[in-house]
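Here our numbering is used: the first residue of the sequence shown is 147, the next is one more, and so on. We put the CB at the ideal spot given by N, CA and C, even for glycine.
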Amino acid sequence: MIKLKHYSLVIGILFLIPVCFFAQGKIAITIDDLPIAAGGRKCSPQVQTQIIEKLVGSLKKMHAPVIGFVNENQLYDDQKVSKVKIDLLKIWLNAGFDLGNHTYSHKSANQVSVKEYEEDILNGEKICKSLVSGYGKEYKYFRHPYLQTGRSLEVKHEIESFLNNNGYTIAPVTIDNSEWIYAAAYEKAVSSGKTDSSKIVAKEYLLYMKSKIEWYEKKSFELFGRNISHILLIHANRLNSDYIEKLCSIISEKNYDFITLGEALKDKAYKSEDTFIKAGGISWIDRWALTSGKSKEFFKDEPRTEKWVMDYAGIDSE
Ligand SMILES: [Zn+2]
């Protein structure tokens, strides 16, 4: 009997060792351009609802506590608030998910004056702030469109202060990617009835995302000596509606736990200095690397979007 107990204990420990050794990741999934990203806007209200219901349902099933970032200008039809679009947002809220501000009309901080950008931020909370509070939640996270944060330190800091004074926390991104190009290719294939093509695009998408996650993991180790809590950016589109479950499975198989944006931001890596003011909308890992003086060597071999996907989507740069 004692022997059997010991035997069970040894077996138990043997099972635990690989779990402890490989359980290494935490990731928050963030989804931009709600109520629905560009490709889906041409679809009928019924199809838009199906896309969002499936996306949200799959995320719920995978226990991923996501946040969606809204562009409020998408909530109007003929200058009137659209019930259909508000109902799309309620799908997220009814599932217990958070919503955040992505500006009213998706302007770039690099392209407009600070005043115009600040107006776009405030116009972006007119509907959602009260909608979200009705669910006992706060509308407190802000995602910069195009991940562009200002072309000078003065502008960047002015916008940061404005956001802070208005109760917002910036939502950075560590795992940046060109998923939107795969989404455009997928939408084209689906809307033209090419099922085989859509499956090929989706398969390529999943491989690409896996390689991006692995690349940023590696960069995290190079920069911090550990795998930090990541924040992934994707969009509210048909590609993710159909394949988020598979993408979440890939992430889970890499031993990641899904966490909220707020939990991810507790990682002290997010306190790292970021003085990046060039044009690109890049990952915060890249920003921290550039700020700390990393050479070009650090950035080489980043996975790129397959050329044929770009050609098929009719997009010529990432
Ligand atoms: Zn966006």
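Local conformation of residue i per DSSP, three classes
| i | result |
| --- | --- |
| Tyr-402 | strand |
| Asp-322 | coil |
| Gly-408 | helix |
| Asp-388 | helix |
| Gly-185 | helix |
| Thr-315 | strand |
| Ala-169 | Residue confidence is low: Ala-169 scores 48 on pLDDT, short of 50, so the model does not pin down where it sits. Its coordinate-derived value is still stated next. The answer is coil: DSSP assigns Ala-169 none of H, G, I, E or B. |
| Asn-247 | strand |
| Ala-174 | strand |
| Phe-146 | Because the chain here runs from 147 to 464, residue 146 falls outside it and cannot be looked at. |
| Gln-294 | coil |
| Asn-269 | helix |
| Val-193 | helix |
| Leu-310 | In the sequence under discussion, the amino acid at residue 310 is Asn, which differs from the Leu named in the question. Here Asn-310 sits in helix by DSSP. |
| His-303 | helix |
| Val-278 | helix |
| Ile-327 | helix |
| Asp-342 | helix |
| Asp-462 | coil |
| Asp-447 | coil |
| Ala-258 | The displayed chain sequence assigns Val, not Ala, to residue 258. Three-state result, Val-258: coil. |
| Met-208 | coil |
| Ile-428 | coil |
| Glu-452 | coil |
| Asp-413 | coil |
| Gly-203 | helix |
| Ala-241 | coil |
| Ser-337 | helix |
| Ser-395 | helix |
| Lys-440 | coil |
| Lys-253 | coil |
Counterpart residues of residue i in DSSP-defined beta bridges
| i | result |
| --- | --- |
| Leu-180 | Val-216 |
| Asn-383 | Partner(s): none; Asn-383 has no beta bridge. |
| Asp-223 | Lys-226 |
| His-376 | Ile-173 |
| Phe-370 | Paired residues: none, contrary to the question. |
| Tyr-287 | Thr-315 |
8 Å contact criterion, which residue i and residue j should meet: CB distance rounded
| i | j | result |
| --- | --- | --- |
| Ile-374 | Asp-413 | 5 Å |
| Tyr-285 | Lys-275 | 4 Å |
| Leu-239 | Val-278 | 7 Å |
| Arg-384 | Glu-333 | 6 Å |
| Gly-171 | Tyr-402 | 4 Å |
| Phe-215 | His-252 | Not confirmed; about 10 Å, so no contact. |
| Asn-269 | Tyr-281 | So it is not a contact: roughly 21 Å between Cβ atoms. |
| Arg-289 | Ala-329 | Contact flag wrong, Cβ pair sits at about 17 Å. |
| Lys-400 | Ile-431 | In fact, because the Cβ distance is near 17 Å, the residues do not count as touching under 8 Å. |
| Leu-411 | Thr-315 | 7 Å |
Close Cβ partners of residue i (< 7 Å) along its chain, the five nearest in sequence each way excluded
| i | result |
| --- | --- |
| Lys-231 | Pro-181, Gln-220, Leu-221 |
| Asn-256 | Gln-294, Gly-296, Arg-297, Ala-425 |
| Ala-331 | Val-347, Val-455, Tyr-458, Ala-459 |
| Val-227 | Leu-221, Ile-273 |
| Thr-437 | Glu-419, Asp-420, Thr-421, Phe-422 |
Proximal residues to residue i (C-beta, below 8 Å), its chain only, five neighbours per side dropped
| i | result |
| --- | --- |
| Ser-357 | Pro-449 |
| Ile-465 | Within the shown structure, residues of the chain are numbered from 147 to 464, placing residue 465 beyond reach of any answer. |
| Gly-465 | Only positions 147 to 464 of the chain appear in this structure, which leaves residue 465 out of reach. |
| Glu-391 | Ser-204, Lys-207, Met-208 |
| Met-355 | Asn-323, Glu-325, Leu-393, Ile-396 |
| Ile-461 | Ile-327, Ala-330 |
Sequence-distant residues of its chain with Cβ nearer than 6 Å to residue i (five each side left out)
| i | result |
| --- | --- |
| Phe-370 | Ala-415 |
| Tyr-351 | Tyr-328 |
| Glu-218 | Tyr-250, Gly-270, Ile-273 |
### Query
Quick one: any contact between the stretch 370-390 and the stretch 171-190, if contact means 3 or more CB pairs under 8 Å?
Contact between the stretch 370-390 and the stretch 171-190 is present, because at least three Cβ pairs lie under 8 Å.
### Query
How about the stretch 444-451 and the stretch 207-227: do they share at least three Cβ pairs that are nearer than 8 Å?
no
### Query
Would you call the stretch 304-312 and the stretch 248-267 touching, i.e. three or more CB-CB distances under 8 Å?
Cβ pair count under 8 Å is three or more, so yes.
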